[in-house]
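Chemist: Those letters in the sequence shown? Residues 4 to 422, per our numbering, in order.
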Amino acid sequence: MKKGKIAGGVLFLLLMCAGAICAALWFTSTMLISNLHLEGIEPGLRTAYDLSQSGENKRVKGFAAISMIASGGIPFGIFGLMIYTIFVPKKRELHGSGKFAGRMELVKGGLLEADKPGDKFPSIVVGKMGKEFLFFRGQQFMYLAAPTRSGKGVGIIIPNLLHYRDSVVVLDIKGENFKKTSGFRAKCGQEVHKFSPDDEDYATACWNPMAYVRDDPRFRVSDLMTITNTLYPPSDDVWASTAESLFLGIALYCMETAKERDNFNIAHIKKLPVMLPFLKDEDTLMAYVKSREPFEPLSEECVYQLRKYAQTSEKLRNSIMISFDQPLLIFADPITAKATSKNSFSFLDVRRKRMSIYVVISPKNIEKFGKLLNLFFQQLLNLNMDELPEDNPALRYQCLLVLDEFTAMGRVGIIEKAS
């Protein structure tokens with residue numbers, strides 16, 4: 004605090020204190036005259052003092068002295084308290100402090116304002132006070148924790164799916180949110196998809212994570228690695244590392260081989276290592292690579308990744324194949340394989356048009372589909388965090404992620420880093 008401001012503040016307090024003393028003296032003298040029935044005496048600043056010096060009546064002198072002490076003591080006490088409040092540092096809160104907001108705080112924070120035309124961010128419903136709903140808008144994370152069957156769905160999730168005007172992607176365990184809100188969102192003109200990779204009737208939209216790998220040689224490997232980093236998280240396990248290299252090599256092989264391009268999906272990639280005879284050893288692989296050079300050569304990166312696997316011993320290859328297959332087991336399921344064989348929607352469209360994607364998984368299959376859910380939301384976020392609306396006018400809408408049963412997808416690195 005600047006010295007000039009401190010001096011000004013002290014002077015102001017002194018003037019206020021002097022005024023308070025004068026007012027107190029006048030008020031106490033008035034009360035003294037009235038209570039003691041002293042006729043012919045006018046109240047003034049010196050009245051109490053003059054009466055305290057009078058020798059005529061000890062009772063009058065006593066009351067006058069008490070009045071003087073009160074007149075000076077109370078203002079000086081208030082003055083001292085104000086000085087203490089201003090200059091004595093407040094005790095630092097160890098864990099912070101807080102309180103429930105009142106209406107004034109809610110109004111000040113804009114939580115009682117409904118959506119208006121021209122708002123940059125659509126609002127979400129976060130609560131209710133009396134008959135008024137509380138709205139929050141922005142790009143911050145909102146977190147809600149409550150016990151099972153405590154009303155999270157009917158109190159927050161469903162109201163927001165009926166309220167939020169832009170795109171939504173919903174992790175919908177059991178499919179209740181889809182049943183209760185998808186029809187309404189469709190009637191509002193939204194494109195609605197239900198991705199349900201365990202639906203026994205094949206009533207599911209399709210999502211193929213490999214479809215987002217760009218064909219440009221400059222970007223292919225980095226795009227593939229965003230997928231392999233989810234399927235094969237970095238570790239000290241050399242077999243897992245070689246398994247990741249095998250996945251990269253097989254994926255590049257599919258992209259560079261005309262007859263395989265139409266089946267560029269994870270279920271097909273999972274089958275190929277045991278179907279390709281040239282992977283049985285390094286010499287066979289290099290002979291195959293040489294035979295393709297005149298008409299359909301494989302890229303150096305593809306050969307490099309496949310060679311890591313082919314040059315190992317047969318015993319090691321068996322261990323590598325176990326590590327290769329482990330995160331891909333879910334894609335052996337024919338329902339899941341079909342649901343991930345092509346694209347019914349594009350993650351690149353969620354900010355270009357208003358659409359709703361419901362990811363519906365049966366509760367009994369949550370653990371089994373954890374890796375797939377992780378890959379789904381990792382890819383959705385990665386593809387939509389590279390470009391800002393300020394740089395691309397086509398990105399006209401926001402996308403709300405409604406992640407009920409958030410822990411079902413496991414650790415999502417991009418959310419962890421962003422938060």
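No residue lacks a Cβ here, since even glycine has one placed at the ideal position from N, Cα and C.
1. Please report the distance separating the alpha-carbon of alanine 243 from that of methionine 324.
2. Going by other Cβ atoms of all chains shown within 10 Å of its Cβ, with 16 needed for buried, is methionine 145 buried or exposed?
3. Does the beta-carbon of glutamate 370 have 16 or more other beta-carbons within 10 angstroms, so that it is buried, or is it exposed?
4. Measuring CA to CA, which of Ser344, Ile272, Asp407, Pro297 is closest to lysine 177?
5. So isoleucine 364 is in the beta strand (DSSP E); what residue range does that whole segment cover?
6. Looking only at its own chain, which residues have a Cβ that is under 7 Å from the Cβ of arginine 295, when we skip the five neighbours before and after it?
7. Provide the residue span of the alpha helix (DSSP H) that contains aspartate 226, from first to last.
8. By Cβ distance, which residues of its chain are closer than 6 Å to glycine 112, with the 5 residues on each side in sequence left out?
9. Identify which residue in Glu303, Tyr291, Pro212, Thr233 has its Cα closest to the Cα of asparagine 268.
10. Excluding the 5 residues flanking serine 100 on each side, which residues of the same chain have their C-beta closer than 7 Å to its C-beta?
11. Taking DSSP as the reference, what is the three-state secondary structure of threonine 412?
12. Who are glutamate 135's beta bridge partners in DSSP?
13. In the DSSP assignment, what residue or residues form a beta bridge with cysteine 191?
14. Assuming isoleucine 175 contacts proline 125 under a Cβ cut-off of 8 Å, what Cβ separation, rounded to an integer in Å, is found between them?
15. Can you tell which of Lys318, Leu137, Asp204 has the C-alpha that lies nearest to the C-alpha of glutamate 108?
16. When the distance is taken between beta carbons, is methionine 358 closer than 8 Å to phenylalanine 380?
17. Could you tell me the alpha carbon to alpha carbon distance between tyrosine 361 and valine 172, rounded to whole angstroms?
18. Look up cysteine 257 in the DSSP assignment and give the residues it is bridged to.
19. Output yes or no for whether 8 Å exceeds the beta carbon distance between leucine 275 and phenylalanine 281.
20. Between lysine 258 and aspartate 218, is the Cβ-Cβ spacing less than 8 Å?
21. Please report the residue range of the beta strand (DSSP E) in which valine 277 lies.
22. Leaving out five residues on either side along the sequence, give the residues of the same chain with a beta carbon under 6 Å from the beta carbon of glutamine 314.
23. Thinking phenylalanine 372 and aspartate 201 are a contact (beta carbons under 8 Å), I'd like their distance in whole angstroms, please.
24. Report yes if the CB atom of isoleucine 364 is closer than 8 Å to the CB atom of glutamate 203, and no otherwise.
25. Which residues share a DSSP beta bridge with valine 172?
26. Would you identify the three-state DSSP class for phenylalanine 15, choosing helix, strand or coil?
27. Indicate the three-state DSSP secondary structure (helix, strand or coil) for lysine 345 in the structure shown.
28. Which residue wins for smallest C-alpha separation from phenylalanine 103, given the options Met132, Arg95, Leu319, Lys123?
29. From proline 392 to lysine 356, what distance separates their C-alpha atoms?
30. State the DSSP-derived secondary structure class of arginine 217, mapped to helix, strand or coil.
31. Just to check my reading of the structure: serine 322 and histidine 196 have Cβ atoms closer than 8 Å, yes? What is that Cβ distance to the nearest angstrom?
Modeler: Considering the structure as presented:
1. The sequence position of residue 243 within the sequence shown is 240, counting from 1. The sequence position of residue 324 within the sequence shown is 321, counting from 1. Between alanine 243 and methionine 324, the C-alpha separation is close to 9 Å.
2. Position 142 of the sequence shown, counted from the start, is the residue given in the question as residue 145. Exposed, because fewer than 16 other Cβ atoms sit within 10 Å of the Cβ of methionine 145.
3. On the sequence shown, residue 370 is found 367 positions in, with the first residue counted as 1. The residue in question, glutamate 370, is exposed, as its Cβ has fewer than 16 Cβ neighbours within 10 Å.
4. Counting from one through the sequence shown, the residue named residue 177 turns up at place 174. When only C-alpha atoms are compared, the closest one is Asp407.
5. The residue labelled residue 364 in the question sits at position 361 within the sequence shown. Where isoleucine 364 is concerned, the enclosing beta strand (DSSP E) stretches over 358-364.
6. If you number the sequence shown from 1, residue 295 lands on position 292. Leu301, listed in sequence order.
7. Within the sequence shown, the letter at position 223 stands for residue 226. Its alpha helix (DSSP H) spans residues 223-234.
8. In the sequence shown, the residue the question calls residue 112 occupies position 109. Cβ neighbours of glycine 112 beyond the five flanking positions: none.
9. On the sequence shown, residue 268 is found 265 positions in, with the first residue counted as 1. If we check each option's Cα against that of asparagine 268, Pro212 comes out closest.
10. Counting from one through the sequence shown, the residue named residue 100 turns up at place 97. Answer for serine 100: no residue qualifies.
11. By 1-based counting over the sequence shown, the position of residue 412 is 409. Correcting the residue identity first, residue 412 is methionine in this sequence and not threonine. Under the three-state reduction of DSSP, methionine 412 is assigned to helix.
12. Residue numbering aside, residue 135 sits at position 132 when the sequence shown is read from its first letter. Answer is Met132.
13. Working through the sequence shown from its first residue, we reach residue 191 at position 188. The bridge partners DSSP lists for cysteine 191 come to none.
14. For the purposes of this step, residue 175 is taken as the residue at position 172 of the sequence shown. For the purposes of this step, residue 125 is taken as the residue at position 122 of the sequence shown. Before going further, note that residue 175 is aspartate rather than isoleucine in the sequence given. So it is not a contact: roughly 20 Å between Cβ atoms.
15. Taking the first residue of the sequence shown as position 1, residue 108 is located at position 105. Comparing Cα positions, the closest option is Leu137.
16. Against the sequence shown, residue 380 aligns to sequence position 377. Against the sequence shown, residue 358 aligns to sequence position 355. Taking a C-beta distance under 8 Å as the contact criterion, phenylalanine 380 and methionine 358 do not qualify as a contact pair.
17. Within the sequence shown, the letter at position 358 stands for residue 361. Within the sequence shown, the letter at position 169 stands for residue 172. Going from the Cα of tyrosine 361 to the Cα of valine 172 covers about 6 Å.
18. Reading the sequence shown from its first residue, position 254 is the one you call residue 257. DSSP, once it has assigned bridges, lists no residue as partnering cysteine 257.
19. Sequence index remark: in the sequence shown, residue 275 carries index 272 (1-based). Sequence index remark: in the sequence shown, residue 281 carries index 278 (1-based). For leucine 275 and phenylalanine 281, no; Cβs fall outside 8 Å.
20. Residue numbering aside, residue 258 sits at position 255 when the sequence shown is read from its first letter. Residue numbering aside, residue 218 sits at position 215 when the sequence shown is read from its first letter. Correcting the residue type first, residue 258 is methionine in the shown sequence and not lysine. Against a cut-off of 8 Å, the Cβ pair of aspartate 218 and methionine 258 comes out as a contact.
21. Taking the sequence shown and counting its residues from 1, the one referred to as residue 277 is at position 274. Membership of valine 277 in any beta strand (DSSP E) is not indicated; the residue belongs instead to the alpha helix (DSSP H) covering 269-278.
22. Here residue 314 corresponds to residue number 311 of the sequence shown, with the count starting at 1. Counting only Cβ-Cβ distances below 6 Å, and skipping sequence neighbours, we find Glu285.
23. For the purposes of this step, residue 372 is identified with residue 369 of the sequence shown, where counting begins at 1. For the purposes of this step, residue 201 is identified with residue 198 of the sequence shown, where counting begins at 1. Going by Cβ atoms, the distance from phenylalanine 372 to aspartate 201 rounds to 7 Å, so yes, they are a contact pair.
24. Indexing the sequence shown from 1 puts residue 364 at position 361. Indexing the sequence shown from 1 puts residue 203 at position 200. No. Outside cutoff.
25. The sequence position of residue 172 within the sequence shown is 169, counting from 1. DSSP, once it has assigned bridges, lists Ile360, Leu404 as partnering valine 172.
26. Taking the sequence shown and counting its residues from 1, the one referred to as residue 15 is at position 12. In the structure shown, phenylalanine 15 adopts helical secondary structure according to DSSP, grouped into three states.
27. On the sequence shown, residue 345 is found 342 positions in, with the first residue counted as 1. Looking at lysine 345 - three-state DSSP - the assignment turns out to be coil, as it is neither helix nor strand.
28. By one-based count along the sequence shown, residue 103 stands at place 100. Comparing Cα-Cα distances from phenylalanine 103 to each of Met132, Arg95, Leu319, Lys123, the minimum goes to Met132.
29. Against the sequence shown, residue 392 aligns to sequence position 389. Against the sequence shown, residue 356 aligns to sequence position 353. Each residue's CA atom was taken as its position, placing proline 392 and lysine 356 some 13 Å apart.
30. Translated into positions along the sequence shown, residue 217 becomes position 214. Residue state, collapsed to three classes: coil.
31. Your numbering for residue 322 matches position 319 in the sequence shown. Your numbering for residue 196 matches position 193 in the sequence shown. 40 Å between Cβ atoms; not a contact.
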